[in-house]
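J.:
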Amino acid sequence: MQRASERLVNGLRIELISTPAAQQAAALISVECGSFHEPIPGLAHLLEHLLFADSTHFRQQQRLMPWVQGQQGQLNASTHACRSAFFFEVAADQLEAGVARLTDMMAHPLLQQSDIRREAQVIDAECQLLQKESRTQAAAALTSMLAAPAEAQRFQVGSAATFGDDLPALQAALRQLHQRYYVAGNMTLWLQGPHSLETLRQLAQRYGTLLPAGQAETPPLCMQASGASQRLRSASSALRLGWIVADADAATFSLLRQLIVDEASGSLLAQLRDCQLCQAIALDLTIVTPQTTLIVVDFSLLNATDDAATQVESLFYRWVQQLMQQPDAVLQHYAALDRTVFSALSPLRQLRARVLDCVPPASIDEAFLTRWQALLHQCQAASHLRQLSGENITGAPTLCQGFALSLTTLPLSAVPMADADAHFVFFSAPQNRATTEAPGGVPVALAHQPQNGEEVTLVLHPAPETGLANCGGEALRMALRTLAGDARHAGVNLCIEPEQGVWLLSLRGQGDALLPVLDALSARLLAMQEPHWQAGRAPAELAVRQAHDGIAIRALLAALPEALQPQAADVSDSWSGMLVGGDAWLHQAIARRLSPLPGWHHPVHPARHAAVARSVATSSRDRAILLFCPVPASARWQLLAQIYEPHFFQQLRVERQVGYVVSCRFHYCAGESGILFALQSPNWEYAALWQAIEDFLHAMTPLLGEVNAQQLDEHYQALMARAEESVRLRWLAAWRGDVERENRVTPDDLLAAHRQLQQLTGWRLSNQPVA
Numbered sequence: 002m003q004r005a006s007e008r009l010v011n012g013l014r015i016e017l018i019s020t021p022a023a024q025q026a027a028a029l030i031s032v033e034c035g036s037f038h039e040p041i042p043g044l045a046h047l048l049e050h051l052l053f054a055d056s057t058h059f060r061q062q063q064r065l066m067p068w069v070q071g072q073q074g075q076l077n078a079s080t081h082a083c084r085s086a087f088f089f090e091v092a093a094d095q096l097e098a099g100v101a102r103l104t105d106m107m108a109h110p111l112l113q114q115s116d117i118r119r120e121a122q123v124i125d126a127e128c129q130l131l132q133k134e135s136r137t138q139a140a141a142a143l144t145s146m147l148a149a150p151a152e153a154q155r156f157q158v159g160s161a162a163t164f165g166d167d168l169p170a171l172q173a174a175l176r177q178l179h180q181r182y183y184v185a186g187n188m189t190l191w192l193q194g195p196h197s198l199e200t201l202r203q204l205a206q207r208y209g210t211l212l213p214a215g216q217a218e219t220p221p222l223c224m225q226a227s228g229a230s231q232r233l234r235s236a237s238s239a240l241r242l243g244w245i246v247a248d249a250d251a252a253t254f255s256l257l258r259q260l261i262v263d264e265a266s267g268s269l270l271a272q273l274r275d276c277q278l279c280q281a282i283a284l285d286l287t288i289v290t291p292q293t294t295l296i297v298v299d300f301s302l303l304n305a306t307d308d309a310a311t312q313v314e315s316l317f318y319r320w321v322q323q324l325m326q327q328p329d330a331v332l333q334h335y336a337a338l339d340r341t342v343f344s345a346l347s348p349l350r351q352l353r354a355r356v357l358d359c360v361p362p363a364s365i366d367e368a369f370l371t372r373w374q375a376l377l378h379q380c381q382a383a384s385h386l387r388q389l390s391g392e393n394i395t396g397a398p399t400l401c402q403g404f405a406l407s408l409t410t411l412p413l414s415a416v417p418m419a420d421a422d423a424h425f426v427f428f429s430a431p432q433n434r435a436t437t438e439a440p441g442g443v444p445v446a447l448a449h450q451p452q453n454g455e456e457v458t459l460v461l462h463p464a465p466e467t468g469l470a471n472c473g474g475e476a477l478r479m480a481l482r483t484l485a486g487d488a489r490h491a492g493v494n495l496c497i498e499p500e501q502g503v504w505l506l507s508l509r510g511q512g513d514a515l516l517p518v519l520d521a522l523s524a525r526l527l528a529m530q531e532p533h534w535q536a537g538r539a540p541a542e543l544a545v546r547q548a549h550d551g552i553a554i555r556a557l558l559a560a561l562p563e564a565l566q567p568q569a570a571d572v573s574d575s576w577s578g579m580l581v582g583g584d585a586w587l588h589q590a591i592a593r594r595l596s597p598l599p600g601w602h603h604p605v606h607p608a609r610h611a612a613v614a615r616s617v618a619t620s621s622r623d624r625a626i627l628l629f630c631p632v633p634a635s636a637r638w639q640l641l642a643q644i645y646e647p648h649f650f651q652q653l654r655v656e657r658q659v660g661y662v663v664s665c666r667f668h669y670c671a672g673e674s675g676i677l678f679a680l681q682s683p684n685w686e687y688a689a690l691w692q693a694i695e696d697f698l699h700a701m702t703p704l705l706g707e708v709n710a711q712q713l714d715e716h717y718q719a720l721m722a723r724a725e726e727s728v729r730l731r732w733l734a735a736w737r738g739d740v741e742r743e744n745r746v747t748p749d750d751l752l753a754a755h756r757q758l759q760q761l762t763g764w765r766l767s768n769q770p771v772a
């Protein structure tokens, strides 16, 4: 990787990152303007939406959003307290076309009244959608405990009430906000891809100079805590501790996060789990201003009681005290782990982390150690903010940033540090386990795909005939999570996660490091008894409850795997898998180590089930529907979904204004591939939403008839540019029995597929109550 930065004549700062091995490229523009700078609540958020509408040189289907969707790329934007960011990722050879659109929409948005009216309604729908979202509620309650700045107390999402009915006045306010802050001196353009630094520099100069010159002066915004503690009624049981850090170094936050989330034996998280206090920990940069940062450590509690919260907090302070005493070698080791995690991210996610979150330290030098110790000294002291949330907590009705909450605010009291006999383990070098002799049994029929390089990946698939239910998957995760933490310190990534609605285990690392981890893994799998499998029920049921109380469409998506595999097993008594990389000796060594696992199979295609309609209970008053039409994962069907996607968004989100959630894409789930349609609306009735999908498919028939061979080839090239898949996805493709993608798809093929789709009966999920 190579980096360069400079400032152009118009004041624009450019940051260039060359990553020669990458297949994708990403661009991001950050603007030093956020919700703390807006004169009307939600105005910065509304401007973020409107910049994706028509601009001077790119309109309708040539705008950045439909163009990126047509390229099978990714894009989004985000408005924070003092910064907004706009970003996309596409195939490397399409970077310039995307940057041209990105800079034009930033410099020359039309901000038309018709678009303003539409997006104001969309944000109002988004506001309603977020009313029951636990993380949004918790963040609003937390910031209400800030004594300064006053801007932190304001409503920031926006709604129909805050925007009002005077469109000309709202348009004038938007233009004034844009003209003041969206100037080159207030912006940074980031480019990352396989191009040379010189090519990226020329691209940045060519389009960056089109942004208007200028510099916006912003007043200092220093956060101050009020010294308060909260009790919040919420669907999630959590303890959140917050500190306001001045002159922060983001790299120290990244290293602290890496240590906090460590699951290895003796770690903070492992000991909290052993004490039945906590399931997970996260560190978030909740609010960032140029002068201060509010960091929040979020503990997911098993029980939201005062006693549990006190124990967790006191153990955390003892852990920080011991962390302060660790030698440089420990920090070097965890920083290396941090860099490994960061390097595995996509170009887009790396840029987002650099701008909106934090990145690993490049080195552990004296200057870093000084900042590190200052951060830990602050964290060892009593927290500036404390919040305990749970389902059984009661409080007074309170309006925070436009959200109706039930909470109680109390004076912040000191929590004693845990006893000195609480001892935590920190690692300082890769931990190598002794390799046992391979078992003498017959090697299993493990599929093997040789591959260049020293790294190998082993994918293990529990219960491949029926799929593993979420309770079984959670049981595996609980049984293996400490081993996964230990494996990371040995240079092996052990992942126990659902992929496309299918629970998989995977091990990735060098062969000599992977074998001892596999020995330990096999031993733990064989030791799992009925009580171990039953332990997964509680987290699986909690996930269902949280989905019920969250955003409705997410609950439908979470329920789709169960609908597709109704006979999923609670216990895995059979296995299948594949090894990618390694030589014949390593393949045999691994295959022998897997011989004790029961019921080993060749890849078994999942059983297909008839499509059904299902009602999924949610607390949301929005109407949400999901239609999943199973089709083969061949090029014609993927191209059809690729062409559908921007048109579906344009017709239903832009023109008909269904609501905030409007999505169409090719989707894989629980052994099925297909085309997914998803809608959520605060205003439309269920019958109207289902009819809207039928109307869309009907309207697409003449549009597809106009697609010529050249246009289809361009879509095909975009599809092939994203064809590279992880080993886990390659295994799932083999398990599903995916057909080879056609080398050529004609317009007639596409139209025939569309007409076939119109005749299909798909899985229909909704949150419509059963009569």
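FYI, the numbering for the sequence shown is 2 to 772, going by this note's numbering. Quick reminder that beta carbons are idealized off the backbone N, C-alpha and C, glycines included.
1. How should Trp191 be labelled, buried or exposed, when 16 other C-beta atoms within 10 angstroms of its C-beta is the threshold for buried?
2. Answer yes or no: do Ala92 and Leu29 have a C-beta to C-beta separation smaller than 9 Å?
3. Are the CB atoms of Gln382 and Pro361 nearer to each other than 9 Å?
4. Among Asn684, His668, Arg482 and Pro683, which one has its Cα closest to the Cα of Leu677?
5. If I'm right that Leu233 touches Leu481 with Cβ under 8 Å, what's the distance once you round it to whole angstroms?
6. Over the uninterrupted beta strand (DSSP E) stretch that includes Thr253, give me the two end residues.
7. Would you please state the rounded distance, in angstroms, between the beta carbons of Trp764 and Leu565? I believe it to be under 8 Å.
8. When DSSP labels each residue in this structure, what does Trp732 get in the three-state scheme?
9. My output table needs one value for Gln759: the three-state DSSP class, helix, strand or coil.
10. Between which two residues does the beta strand (DSSP E) harbouring Leu471 extend?
11. Below 8 Å, can you find three or more Cβ-Cβ pairs linking the stretch 678-685 to the stretch 125-133?
12. Just the Cα atoms here: how many angstroms apart are Leu9 and Gln206?
13. Helix, strand or coil for Trp822? Go by DSSP, reduced to three states.
14. If we count the other Cβ atoms within 10 Å of its Cβ and call it buried at 16 or more, is Glu7 buried or exposed?
15. Which whole-angstrom value is the C-beta distance of Pro220 and Val184, which I expect to be below 8 Å?
16. Within 10 Å of its beta-carbon, does Thr463 have 16 or more other beta-carbons around it, so buried, or fewer, so exposed?
17. From Ser227 to Gln132, what distance separates their C-alpha atoms?
18. Look at the Cβ atom of Leu284, then the Cβ atom of Val297, and state whether they are nearer than 9 Å.
19. Hey, Val518 and Leu484: beta-carbon distance below 9 Å or not?
20. With distances taken between CB atoms, is the gap from Leu766 to Ser616 smaller than 9 Å?
21. Classify His109 as helix, strand or coil using the three-state DSSP reduction.
22. Report the CB separation of Glu392 from Ser238 in whole angstroms; it is logged as a contact under 8 Å.
23. Check whether the Cβ atoms of Val289 and Leu302 lie closer than 9 Å to each other.
24. Jot down the residue ranges of each uninterrupted beta strand (DSSP E) in the stretch 320-402, minimum 3 residues, whole runs only, in chain order.
25. Short of 6 Å in beta carbon distance, which residues of its chain neighbour Thr137, apart from the five on each side in sequence? Order them along the chain.
26. Once you ignore the five residues that flank Pro21 on each side, which residues in its own chain have a CB closer than 6 Å to its CB?
27. Exposed or buried, Asn744, counting other C-beta atoms within 10 Å across all chains shown (16 or more means buried)?
28. Tell whether a beta-carbon distance below 9 Å holds between Leu291 and Glu715.
29. Count the C-beta pairs between the stretch 304-323 and the stretch 347-357 that are closer than 8 Å, then say yes if the count reaches three, no if not.
30. Would His58 pass as a contact of Ala26 if the rule is Cβ separation under 9 Å?
31. Do Leu44 and Ala140 have their C-beta atoms within less than 9 Å of each other?
32. Do you know how far the Cα of Asp358 is from the Cα of Ala251?
33. Specify, as a first and last residue, the run of the beta strand (DSSP E) that Asp285 falls within.
34. Could you round the C-beta distance between Gly468 and Val503 to whole angstroms and report it? I think they count as a contact, below 8 Å.
35. Okay, do the stretch 526-541 and the stretch 106-126 touch, 3+ Cβ pairs below 8 Å being the bar?
36. Which full runs of the alpha helix (DSSP H) of 4+ residues lie inside the stretch 137-204, going along the chain?
T.: Let's see:
1. buried
2. no
3. The sequence as given places Ala at residue 382; Gln does not occur at that position. Cβ distance not < 9 Å, so Ala382 and Pro361 don't count as in contact.
4. His668
5. With 8 Å as the limit, Leu233 and Leu481 do not qualify as a contact, their Cβ atoms being about 32 Å apart.
6. Unbroken run through Thr253 is the alpha helix (DSSP H), Ala251 to Ile261; no beta strand (DSSP E).
7. 7 Å
8. helix
9. helix
10. A small correction: the amino acid at residue 471 is Asn; Leu does not occupy that position in the sequence shown. Here Asn471 belongs to no beta strand (DSSP E); instead the alpha helix (DSSP H) covers Asn471 to His490.
11. yes
12. 7 Å
13. An answer regarding residue 822 cannot be provided, because it is not within the stretch 2 to 772 covered by the chain.
14. exposed
15. Going by Cβ atoms, the distance from Pro220 to Val184 rounds to 17 Å, so no, they are not a contact pair.
16. Sequence inspection shows Pro at residue 463; the Thr mentioned does not correspond to that position. By the neighbour-count rule (16 or more Cβ atoms within 10 Å), Pro463 is buried.
17. 25 Å
18. yes
19. yes
20. yes
21. coil
22. 7 Å
23. no
24. 386-391 and 397-401
25. Leu131
26. Pro195
27. exposed
28. The sequence given here places Pro at residue 291; Leu does not occur at that position. No, the pair does not count as a contact, with Cβ atoms beyond the cut-off.
29. no
30. no
31. no
32. 8 Å
33. Cys279 to Val289
34. 6 Å
35. no
36. 161-164 and 168-182
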